[in-house]
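In this note's numbering, the protein residues as written are 25 to 430. Each residue gets a CB set at the ideal place from its N, CA and C atoms; glycine is no exception. Structure first, then comments.
What follows is the structure, encoded as structure tokens:
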């Protein structure tokens with residue numbers, strides 16, 4: 025006889041499988057022959073003996089494969105060992121961590137920084153430590169799950185404004201004594217950008233903090249992402265696993281905020297610190313991205329090429345100008361089918377389904393990097409148009425797709 029938990033697990037997994045929503049890991053490997061010229065070829069990996077061009081990675085600048093950064097990680101491990109060995113408040117905080125924090129502050133203008141092992145832990149720690157049941161927080165409708173989880177744990181009252189709507193945000197700020205407004209810089213599923221300058225002005229008008237999850241914007245977006253960022257944003261969360269190509273995250277803000285988190289954030293106090301070797305790598309990646317602006321330019325060129333080819337093929341994009349290029353299909357099973365047919369052609373794209381996105385908005389999430397070769401982008405779009413036509417997904421214009429999504 026099965027236990028209650030075994031019965032629950034089996035029933036839930038069966039339901040997810042029937043709905044086309046079951047999540048499963050796939051073991052990927054490296055083909056060293058494909059990566060001999062890693063700095064000049066599109067990102068690839070091997071799954072079940074076959075090579076694929078990777079259009080699912082958040083490694084926007086291609087830094088995860090830069091030889092100089094591999095050397096920086098090696099040197100960091102030789103210098104500090106492979107792990108930190110303790111929580112930051114015991115013996116896990118080293119000069120490697122301090123150097124990275126200072127570099128991030130110099131780049132953004134913030135007074136202080138606090139390192140975490142992931143963006144998820146940084147967001148949840150910030151939310152559940154900073155807020156409590158006495159706070160009212162307003163947030164964009166599409167903020168990341170880590171923000172929602174942290175706010176729910178905090179007990180704060182959450183009010184959500186319509187996605188990227190200044191009017192909706194202003195109504196909530198005017199009606200409530202709000203502690204903070206929270207948004208993302210680049211939204212991870214739609215690829216569009218928040219109006220940071222306008223939201224900053226709105227928050228100043230209402231004496232409210234602006235908190236920005238900058239996971240997908242840091243090191244790739246211009247405008248606010250410079251030494252003046254602190255003048256616009258009270259708290260900025262940056263991650264190292266996207267454009268920097270490595271691991272970890274940081275909360276940037278005032279010295280008072282960081283001191284408060286050090287004393288009160290349970291995720292920070294009771295977790296083994298990010299390894300010094302990874303901190304040294306993140307520092308090297310930050311410096312490398314700053315010293316090589318041609319990578320950002322190459323990324324922009326690849327985005328423009330992809331969008332142009334999709335327009336010519338009437339492939340229905342949402343209108344994103346960032347590396348994240350969603351294609352809304354709607355039905356979860358049909359989305360999986362399109363992704364599987366693309367894989368049959370050697371092209372790997374993400375099939376994003378509920379609950380990550382709302383029911384009825386399942387999509388392909390195609391991500392571009394500075395490392396993609398033009399011929400692989402061309403091949404991707406050509407295969408995409410063929411598969412969509414064969415499967416029966418309507419081909420519409422980019423503007424129509426964006427209007428329908430709104």
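Same chain, Cβ closer than 7 angstroms to residue i, neighbours up to 5 away in sequence not counted
| i | result |
| --- | --- |
| residue 238 | 209, 260, 261 and 262 |
| residue 187 | 164, 165 and 166 |
| residue 101 | 301 |
| residue 96 | 304, 305 and 308 |
| residue 362 | 353, 388, 411, 412, 415 and 417 |
| residue 66 | 77, 395, 396, 397 and 400 |
Closest Cα partner of residue i within the set the options
| i | options | result |
| --- | --- | --- |
| residue 333 | 406, 367, 370 and 275 | 406 |
| residue 205 | 315, 172 and 296 | 172 |
| residue 248 | 348, 179, 190 and 133 | 133 |
| residue 351 | 181, 331 and 219 | 331 |
| residue 329 | 253, 294, 388 and 402 | 402 |
| residue 152 | 245, 141 and 182 | 182 |
| residue 295 | 47, 319, 117 and 48 | 117 |
| residue 154 | 175, 109 and 344 | 175 |
| residue 364 | 385, 315, 414 and 90 | 414 |
| residue 254 | 241, 235, 245 and 243 | 235 |
| residue 417 | 103, 353, 386 and 252 | 353 |
| residue 199 | 170, 114 and 161 | 161 |
8 angstroms Cβ shell around residue i - same chain, five flanking residues per side excluded
| i | result |
| --- | --- |
| residue 437 | For residue 437 there is no data in the structure shown, the boundaries of the chain being 25 and 430. |
| residue 432 | The question about residue 432 has no answer, for the chain in this structure spans 25 to 430. |
| residue 195 | 185 |
| residue 55 | 68, 69, 70 and 75 |
Under the three-state DSSP convention, the category residue i falls into
| i | result |
| --- | --- |
| residue 380 | coil |
| residue 72 | coil |
| residue 117 | coil |
| residue 152 | helix |
| residue 387 | strand |
| residue 200 | coil |
| residue 270 | coil |
| residue 8 | Not covered by the structure: residue 8. The range shown for the chain is 25 to 430. |
| residue 63 | Confidence at residue 63 is low in this model, with a pLDDT of 48, below 50, so the placement of that residue is unreliable and no value is reported for it. |
| residue 15 | The structure shown does not extend to residue 15, since the chain is modelled only from 25 through 430, so no value can be given for it. |
| residue 284 | helix |
| residue 184 | strand |
| residue 206 | strand |
| residue 402 | helix |
| residue 144 | helix |
| residue 139 | strand |
| residue 351 | strand |
| residue 173 | helix |
Rounded distance between the beta-carbons of residue j and residue i, thought under 8 angstroms
| i | j | result |
| --- | --- | --- |
| residue 256 | residue 221 | 7 angstroms |
| residue 323 | residue 394 | 4 angstroms |
| residue 270 | residue 309 | 5 angstroms |
| residue 292 | residue 138 | 7 angstroms |
| residue 123 | residue 307 | 6 angstroms |
| residue 213 | residue 33 | Contact flag wrong, Cβ pair sits at about 28 angstroms. |
Sequence-distant residues of its chain with Cβ nearer than 6 angstroms to residue i (five each side left out)
| i | result |
| --- | --- |
| residue 143 | 239, 263 and 273 |
| residue 392 | 326, 327, 330 and 347 |
| residue 44 | 356, 357 and 360 |
| residue 390 | 79, 349 and 373 |
| residue 159 | 180 and 203 |
| residue 63 | Unreliable placement is indicated for residue 63, whose pLDDT of 48 sits below 50; no coordinate value is reported for it. |
| residue 230 | 197 |
| residue 140 | 146 and 273 |
Residue i: CB within 7 angstroms of a non-hydrogen atom of the ligand FMN
| i | result |
| --- | --- |
| residue 249 | This structure simply doesn't include the ligand FMN, nor any ligand for that matter. |
Touch check for the region 366–377 and the region 71–85: three-plus C-beta pairs under 8 angstroms? With three or more CB-CB distances shorter than 8 angstroms, the region 366–377 counts as touching the region 71–85.
I want to know whether the region 378–385 touches the region 79–91 - three or more CB-CB distances under 8 angstroms. The region 378–385 is not in contact with the region 79–91.
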